[in-house]
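In our numbering, the protein residues as written are 1 to 209.
Built from N, CA and C at the ideal position, the CB exists for glycine as well.
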């Protein structure tokens, strides 16, 4: 009986030793678990989340019977005054400016008119206009010239379109669409934004068939 009591502690120690040994062997043989990276969907870029209105959907239509164009929903059409106009302007006044539309100017060579538009002599006989850039474009099949100017101290973007015909009267000449920006303290980002809006609007020009 005493012998059995003496064996009991030995058996317990052996069981504990076997348990620890087995655990250590398992740890050595077991493959380490590599944590899998958690992937979340990539944030869409600005092009993917662009408002449909940015490409002309749901825009307002202006039509002068010679050509039509579209303007963003947050712009308005104002009647012309004194034979000048109409005028398109943003409802939001963060950029103070407007787009003046002259459906049909007098006849003239497109390149010559563009040259004259980039020159304005002040009282001292010095040209008060800085031509920032000029591009030759094609607007609904018509040759056109786009100019970015600084007139005095104010930015201006003009699109001159050649060979425009009023189908009702037969008159022919140039069309002019000009964005007058009445703020000379705009940042480059604001100027680019205004220029992009102008490009988006003039890209919708369609001439009356």
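May I ask which residues mark the beginning and end of the beta strand (DSSP E) holding residue i?
i           : result
residue 112 : No beta strand (DSSP E) contains residue 112, which is instead part of the alpha helix (DSSP H) from 110-117.
residue 63  : 60-63
residue 70  : 67-71
residue 87  : 87-90
residue 77  : 75-78
Contact check, residue i vs residue j under 8 Å by CB: the rounded distance?
i           : j           : result
residue 176 : residue 102 : 4 Å
residue 107 : residue 173 : 5 Å
residue 146 : residue 154 : Actually they do not touch by this definition, with Cβ atoms about 17 Å apart.
residue 207 : residue 140 : 5 Å
Does the beta-carbon distance from residue i to residue j come in below 8 Å?
i           : j           : result
residue 149 : residue 131 : yes
residue 179 : residue 198 : yes
residue 95  : residue 189 : no
residue 97  : residue 166 : no
residue 201 : residue 65  : no
residue 117 : residue 160 : yes
residue 100 : residue 62  : no
residue 157 : residue 67  : no
residue 142 : residue 119 : no
Just to confirm the assignment, what range does the alpha helix (DSSP H) spanning residue i have?
i           : result
residue 200 : 188-202
Review point. Quick check: the region 110-127 against the region 66-80, are there 3 or more CB pairs under 8 Å?
Key: Touching, no, given that fewer than three Cβ pairs across the two stretches are closer than 8 Å.
Check your understanding: Where in the region 99-174 do unbroken runs of the beta strand (DSSP E), each at least 3 residues long, occur, reported from the N-terminal end onward?
Key -> 129-139, 142-151 and 154-165
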